[in-house]
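> Below is a structure I'd like to ask you about.
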Amino acid sequence: MSQFKQETKKRGVKWILLFLLVSIVACPLIIWKGTYVLQDDVAKICDKTYLLLKAGTETMESRVPVHMATTLKAFRHHQIYSDSDVPIFGQPVVNIIKYSTKALFSDSVLMVYKLRYREIVESWGWGARNIIIDGRKIGWYVDIFKNIPAYAHAWSHDKSKDWYFMIDDDTFLLPSSFAAAVAGKNPDDVLIIGRNVGYNWFFAYGGSGIVLSRGAMKLMYGQGTEAARAAVDSMHDNLKSNCCGDIAVTDMLNMVANNAHMTPDEYMRYTDFQDDSAIFQGGPRDELIAAFRNWCTPIGSFHHGTAASYNEIFVWAENLRKERGGNYAPTYYDFYERYIMPHVTTELIGWTAYHNAEYGDNAVFHADSPECASADSCRNACENELTCMQWSYEPGSRCVLVNNGVVAGQAKNEYSPDGYGKEFVMGYMPSRIIEHRKNASLVCDPINTDVDKIVHTEGWLYKQFKEGSLPFDLKSLV
Numbered sequence: 223m224s225q226f227k228q229e230t231k232k233r234g235v236k237w238i239l240l241f242l243l244v245s246i247v248a249c250p251l252i253i254w255k256g257t258y259v260l261q262d263d264v265a266k267i268c269d270k271t272y273l274l275l276k277a278g279t280e281t282m283e284s285r286v287p288v289h290m291a292t293t294l295k296a297f298r299h300h301q302i303y304s305d306s307d308v309p310i311f312g313q314p315v316v317n318i319i320k321y322s323t324k325a326l327f328s329d330s331v332l333m334v335y336k337l338r339y340r341e342i343v344e345s346w347g348w349g350a351r352n353i354i355i356d357g358r359k360i361g362w363y364v365d366i367f368k369n370i371p372a373y374a375h376a377w378s379h380d381k382s383k384d385w386y387f388m389i390d391d392d393t394f395l396l397p398s399s400f401a402a403a404v405a406g407k408n409p410d411d412v413l414i415i416g417r418n419v420g421y422n423w424f425f426a427y428g429g430s431g432i433v434l435s436r437g438a439m440k441l442m443y444g445q446g447t448e449a450a451r452a453a454v455d456s457m458h459d460n461l462k463s464n465c466c467g468d469i470a471v472t473d474m475l476n477m478v479a480n481n482a483h484m485t486p487d488e489y490m491r492y493t494d495f496q497d498d499s500a501i502f503q504g505g506p507r508d509e510l511i512a513a514f515r516n517w518c519t520p521i522g523s524f525h526h527g528t529a530a531s532y533n534e535i536f537v538w539a540e541n542l543r544k545e546r547g548g549n550y551a552p553t554y555y556d557f558y559e560r561y562i563m564p565h566v567t568t569e570l571i572g573w574t575a576y577h578n579a580e581y582g583d584n585a586v587f588h589a590d591s592p593e594c595a596s597a598d599s600c601r602n603a604c605e606n607e608l609t610c611m612q613w614s615y616e617p618g619s620r621c622v623l624v625n626n627g628v629v630a631g632q633a634k635n636e637y638s639p640d641g642y643g644k645e646f647v648m649g650y651m652p653s654r655i656i657e658h659r660k661n662a663s664l665v666c667d668p669i670n671t672d673v674d675k676i677v678h679t680e681g682w683l684y685k686q687f688k689e690g691s692l693p694f695d696l697k698s699l700v
């Protein structure tokens, strides 16, 4: 071999060795997860988390693909659980109903499920999926029996993880915000993390995501497969009488905590149930409440959204991460700036902010009262309540006042499925919102830190729309 070729070969070997050395050093710092780029601390937390994606057979094909492109790329230790074992785009699916309590599976309560399962697997066409039980479609009814055995199945297959995180197939996650929720907590403590839905009892709402620590899983399901099986069987009576699988998870932890002689104070110390606007929240984009008390808190989850809205949220969150650097987690202020601030004005005809109880303590609902007489009456009620930042009127039936926070709302008009013949009206208190932002002295809000960074103010897009000063006149499209 010539001397030139030998020197070239040596230089090539040196470059290969240098590349390998750099890769070994750099790979732990930035881990590529398909669509996501997760850096060091977030990647480590996600890799120590077992994600349980709970899906329904009827909705799986429309919802799970979103997770395959996002969530499942970030959490590489995961399993899809459903009420059938039909794979989706090559992803294995566990029919978790098969792992439910022995007594329950032989009980007549699941007879309809068995017929439905045969319909799915054997392509029967007689419509078992449309059967209504206790006022609910069978898909939701069967969902009650998924959570407890799904956690048992995950624990039996992998006891090494710090966190066991269950989400619904219509829940969308931001991994950096999830990492912020569990960072600094001891996974060997008995801990359940989630959003309390705000009713008369405490439980972690499944639509927001339910996080169980390794310590909680060990207490609930024991050490071996047989112990986990026995734990599931012990919940037979609870599942038969319960309304919801997420409540059953909290019930089970409560029961085993009592059996372990944990005092109420000890149990509540291990219970991290956040309020309705903390990291885990249970509404879609249009119904999420940006509350001032959590203005600077990261948003971890969205619920009841569509693939289109989740794509929009994903793009928004990724752009913020690239702009701010690192593993930046979008805050409620960021959400306000992007989705609410542009149309904050005194009156929006054809809009509503109403959504049952998702606003929790941040909303006052009036029905069949003087406040419901007209849009002006609803607006006056908000003006007379100093903490009211937003009002929403539905003709003849409802006036909603949103206190100490705001929501984006959504368009409702005579062409909307539930809005025919009605004129919904929604409005904000812009000056009150601005005053509160200034008085709160929140470090994430540029109105308090660096006014030079303020690009837009309340209602900027709406004003441009009304003035016709947008790049092209949107009014011509209406």
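My numbering numbers the first residue of the sequence shown as 223 and each following residue consecutively.
Quick reminder that beta carbons are idealized off the backbone N, C-alpha and C, glycines included.
1) Here's the rule I'm using: 16 or more other beta-carbon atoms within 10 Å means buried, otherwise exposed. How should Asp672 be labelled?
2) Per DSSP, what kind of secondary structure is Tyr321 in: helix, strand or coil?
3) Identify the continuous alpha helix (DSSP H) that holds Glu569 and give its terminal residues.
4) Give the straight-line distance between the Cα atoms of Phe524 and Phe394, rounded to the nearest whole angstrom.
5) Terminal residues of the continuous alpha helix (DSSP H) containing Trp538?
6) Using the Cα positions of Ala401 and Asn602, report the straight-line distance between them to the nearest angstrom.
7) Starting from His289 and walking both ways along the alpha helix (DSSP H), at which residues does that stretch end?
8) Would you kindly report the start and end of the unbroken alpha helix (DSSP H) that includes Cys610?
9) Whole angstroms is fine: what's the gap from Cys518's alpha carbon to Pro397's?
10) Output the boundary residues of the alpha helix (DSSP H) element that contains Ser463.
11) According to the neighbour-count rule (16 or more other Cβ atoms, all chains shown, within 10 Å of its Cβ), is Ile562 buried or exposed?
12) Is Gly444 helix, strand or coil when you go by DSSP?
13) Thinking C-alpha only, which one of Glu657, Leu623 and Met648 is nearest Glu569?
14) Contact defined as beta carbons within less than 8 Å: I believe Ala277 pairs with Asp391. What is the distance between those atoms, to the nearest angstrom?
15) State whether the segment 303 to 316 contacts the segment 274 to 289, with contact taken as three or more CB pairs (one from each stretch) at a distance under 8 Å.
16) Are three or more beta carbon pairs between the segment 534 to 546 and the segment 603 to 616 nearer than 8 Å?
17) Which whole-angstrom value is the C-beta distance of Val404 and Ile415, which I expect to be below 8 Å?
18) Under three-state DSSP, which class holds Gly312?
19) With a threshold of 16 other CB atoms inside 10 Å of the CB of His375, please say whether the residue is buried or exposed.
20) Between the segment 437 to 451 and the segment 296 to 305, are three or more C-beta pairs nearer than 8 Å?
21) Buried or exposed: which applies to Val665, given that a residue is buried once 16 or more other Cβ atoms fall within 10 Å of its Cβ?
22) Helix, strand or coil for Asn606 per DSSP?
23) Where DSSP assigns a beta bridge to Ser435, which residues make up the other side?
24) How should Met490 be labelled, buried or exposed, when 16 other C-beta atoms within 10 angstroms of its C-beta is the threshold for buried?
25) Measure the CB-CB distance between Gly627 and Trp573 and report whether it falls below 8 Å.
26) Among Arg451, Met388 and Ser435, which residue has its Cα nearest to the Cα of Gly467?
27) Would you mind sorting Ala551 into buried or exposed? The rule is 16 or more other CB atoms within 10 Å of its CB.
28) Does the separation of the CB atoms of Phe297 and Thr281 fall below 8 Å?
29) Look at the Cβ atom of Ile432, then the Cβ atom of Lys368, and state whether they are nearer than 8 Å.
30) What three-state label does DSSP hand Cys621 in the structure shown?
31) Helix, strand or coil: which one does DSSP assign to Ser306?
32) Taking only the alpha-carbon atoms, compute the straight-line gap between Leu243 and Ala529 and give it to the nearest angstrom.
33) At the level of alpha carbons, what is the spacing between Asn516 and Asp455?
34) Per DSSP, which residues does Asn670 bridge with? Please list them.
35) Under the rule that 16 or more other beta-carbon atoms within 10 Å means buried, what is His565, buried or exposed?
36) If distances are taken between C-alpha atoms only, which option among Val624, Glu645 and Asn625 comes closest to Lys634?
Let's see:
1) Residue 672 sits at position 450 when you count from the first residue of the sequence shown. Per the 10 Å Cβ criterion, exposed.
2) In the sequence shown, residue 321 corresponds to position 99, counting from 1. Helix.
3) Locating residue 569 in the sequence shown gives position 347, where the first residue counts as 1. It is not in any alpha helix (DSSP H) - Glu569 carries neither H nor E in the DSSP assignment.
4) Sequence index remark: in the sequence shown, residue 524 carries index 302 (1-based). Sequence index remark: in the sequence shown, residue 394 carries index 172 (1-based). Roughly 5 Å separates the two Cα atoms.
5) Residue numbering aside, residue 538 sits at position 316 when the sequence shown is read from its first letter. Where Trp538 is concerned, the enclosing alpha helix (DSSP H) stretches over Ala529 to Arg546.
6) Taking the first residue of the sequence shown as position 1, residue 401 is located at position 179. Taking the first residue of the sequence shown as position 1, residue 602 is located at position 380. Straight-line Cα distance between these residues: approximately 43 Å.
7) Translated into the one-based positions of the sequence shown, residue 289 becomes position 67. Start and end: Met282 to Ala291.
8) Within the sequence shown, the letter at position 388 stands for residue 610. First-last for Cys610: Cys610 to Glu616, but that is the beta strand (DSSP E), not the alpha helix (DSSP H).
9) Reading the sequence shown from its first residue, position 296 is the one you call residue 518. Reading the sequence shown from its first residue, position 175 is the one you call residue 397. Those two C-alpha atoms are separated by around 17 Å.
10) As a working note, residue 463 is residue 241 in the sequence shown. Counting along the chain, the alpha helix (DSSP H) containing Ser463 begins and ends at His458 to Ser463.
11) Working through the sequence shown from its first residue, we reach residue 562 at position 340. Ile562 is buried by the Cβ-count criterion.
12) Here residue 444 refers to the residue found at position 222 of the sequence shown. Reduced to three states, the DSSP call for Gly444 is coil.
13) For the purposes of this step, residue 569 is taken as residue 347 along the sequence shown, with counting starting at 1. Of the candidates Glu657, Leu623 and Met648, the one whose C-alpha sits nearest the C-alpha of Glu569 is Met648.
14) Taking the sequence shown and counting its residues from 1, the one referred to as residue 277 is at position 55. Taking the sequence shown and counting its residues from 1, the one referred to as residue 391 is at position 169. 4 Å between Cβ atoms; contact.
15) yes
16) no
17) Taking the first residue of the sequence shown as 1, we reach residue 404 at position 182. Taking the first residue of the sequence shown as 1, we reach residue 415 at position 193. About 7 Å; that satisfies the 8 Å criterion.
18) Here residue 312 corresponds to residue number 90 of the sequence shown, with the count starting at 1. If DSSP states are grouped into helix, strand and coil, Gly312 belongs with coil.
19) Residue 375 sits at position 153 when you count from the first residue of the sequence shown. Buried, because 16 or more other Cβ atoms sit within 10 Å of the Cβ of His375.
20) no
21) If you number the sequence shown from 1, residue 665 lands on position 443. Looking at its Cβ environment, which holds fewer than 16 other Cβ atoms inside 10 Å, Val665 is exposed.
22) Sequence index remark: in the sequence shown, residue 606 carries index 384 (1-based). Asn606 falls in the helix class under three-state DSSP.
23) For the purposes of this step, residue 435 is identified with residue 213 of the sequence shown, where counting begins at 1. Bridge partners of Ser435: Trp385.
24) Translated into the one-based positions of the sequence shown, residue 490 becomes position 268. Unreliable positioning characterises Met490 in this predicted model, as indicated by a pLDDT of 45, which lies under 50. A coordinate reading is not provided.
25) Within the sequence shown, residue 627 is the residue found at index 405, counting from 1. Within the sequence shown, residue 573 is the residue found at index 351, counting from 1. In this structure, Trp573 does not lie closer than 8 Å to Gly627 by Cβ.
26) By one-based count along the sequence shown, residue 467 stands at place 245. Nearest of Arg451, Met388 and Ser435 to Gly467, Cα basis: Met388.
27) Numbered from its first residue, the sequence shown carries residue 551 at position 329. Its Cβ being crowded by 16 or more others within 10 Å, Ala551 is buried.
28) Along the sequence shown, read from residue 1 onward, the residue named residue 297 stands at position 75. Along the sequence shown, read from residue 1 onward, the residue named residue 281 stands at position 59. Against a cut-off of 8 Å, the Cβ pair of Thr281 and Phe297 comes out as no contact.
29) Position 210 of the sequence shown, counted from the first residue, corresponds to residue 432. Position 146 of the sequence shown, counted from the first residue, corresponds to residue 368. Against a cut-off of 8 Å, the Cβ pair of Lys368 and Ile432 comes out as no contact.
30) For the purposes of this step, residue 621 is identified with residue 399 of the sequence shown, where counting begins at 1. It is a strand residue.
31) As a position in the sequence shown, residue 306 is number 84, starting the count at 1. In this structure, Ser306 counts as coil in the three-state DSSP scheme.
32) Locating residue 243 in the sequence shown gives position 21, where the first residue counts as 1. Locating residue 529 in the sequence shown gives position 307, where the first residue counts as 1. Because Leu243 carries a pLDDT of 42, less than 50, the predicted location of this residue cannot be relied on, and the following value inherits that uncertainty. C-alpha separation (whole angstroms): 41 Å.
33) For this step, residue 516 is matched to residue 294 along the sequence shown. For this step, residue 455 is matched to residue 233 along the sequence shown. Cα-Cα distance, rounded: 40 Å.
34) Taking the sequence shown and counting its residues from 1, the one referred to as residue 670 is at position 448. DSSP output for Asn670 lists no bridge partner at all.
35) Your numbering for residue 565 matches position 343 in the sequence shown. Counting Cβ neighbours within 10 Å, His565 comes out buried, since at least 16 surround it.
36) Counted from its first residue, the sequence shown places residue 634 at position 412. Answer by Cα proximity: Glu645.
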